[in-house]
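For reference, the structure discussed in these notes is given below.
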Amino acid sequence: MVTAFAFIPFELADLRSVSGVQLLNATLFPGLFATGAAAIFHGQNLFSYEGDSIEATMARPVSSYARVAGKLLFLEAGTLACFFIPFPFLLARQSPLLVVHSSFFLYNAGVLVPAIIAGATFNREALTIDERSFSQTNFSGGRTAITFPLFGVPFLFLFSFDRLLFQFGGVAGLGLLSLLAMPLWLRGLARLYEYNRHAMLHGFRASRS
């Protein structure tokens with residue numbers, strides 16, 4: 390699925406000329422969802438997947454920082470994989486969607502991934518790994534409040550400027566700055582996990598009974 394848009398006949402002039410709904414359509418899937426699929430669809434329930442074995446998981450001699458760093462590395466690797474899968478096709482076709490794909494990759498890796506992990510610490514329902522509708526079965530107000538507004542931030546750049554440099558450069562720049570601040574993200578996420586882990590434990594236990 391993530392390679393399909395690489396074969397869309399699209400020219401740089403088309404990217405410059407689109408606006409409104411057309412711009413949204415041209416960037417939403419090739420940009421936000423294509424590189425963010427792993428984080429969006431799997432990251433939101435990272436801790437919920439451990440609900441059946443949460444006691445054993447928390448009893449292991451692993452620090453909160455190391456646990457969160459492992460989750461972060463897992464989602465970043467998934468985001469990188471989603472970026473590289475269509476990359477050769479986009480490059481071979483010299484598709485202007487490579488601009489969209491690359492800028493949103495930086496945004497997803499730098500902003501969306503750590504934010505999704507932060508939101509996942511507010512889940513209170515254990516899930517089994519073979520369930521189909523993860524997002525519907527595990528709604529979390531805290532997770533929604535943290536992550537949902539961030540889906541719209543890139544489009545503030547896209548709809549506020551009319552030059553590609555400012556539109557996609559702003560999205561990429563924001564992601565790059567956040568990537569450079571990843572050590573701060575990790576410390577903050579570890580504290581948030583430590584703050585929420587007992588509530589997660591009680592919630593997962595209650596959802597199993």
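Counting in my numbering, the final residue of the sequence shown is number 598, and the numbers go up one at a time with none missing.
For every residue, glycine included, the Cβ atom is placed at its ideal position computed from N, Cα and C.
Small disclaimer: the values here were computed from a predicted structure and weren't measured.
Quick one: using the 10 Å Cβ neighbour count with 16 as the cut-off for buried, is V410 buried or exposed? exposed
Burial state of G559, where buried means 16 or more other Cβ atoms lie within 10 Å: buried
When the Cα atoms are used, what is the spatial distance from A534 to S596? 22 Å
When we look at the beta-carbon of N414 and count the other beta-carbons within 10 Å, is it buried (16 or more) or exposed? exposed
Taking A428 as the reference, give the member of L469, G592 and G562 with the closest Cα. L469
Neighbourhood of P543 by C-beta, 6 Å cutoff - its chain only, sequence neighbours within 5 removed: Y496 and V560
What number of angstroms, rounded off, separates the C-alpha of L462 from the C-alpha of C471? 14 Å
Roughly how many whole angstroms lie between the Cα atoms of R652 and L575? A question about residue 652 goes unanswered here, because the residues of the chain that appear run from 390 up to 598.
Using DSSP with H/G/I as helix, E/B as strand and the rest coil, what is S491? helix
Below 9 Å between beta carbons: does that hold for S484 and G564? no
Assuming contact is defined by CB atoms lying nearer than 9 Å, are G467 and M571 in contact in what I supplied? no
What does the alpha-carbon distance come out to for the pair A458 and T416? 30 Å
P477 to E465 span [Cα, whole Å]: 20 Å
Kindly indicate which three-state DSSP category R532 falls into: helix, strand or coil? helix
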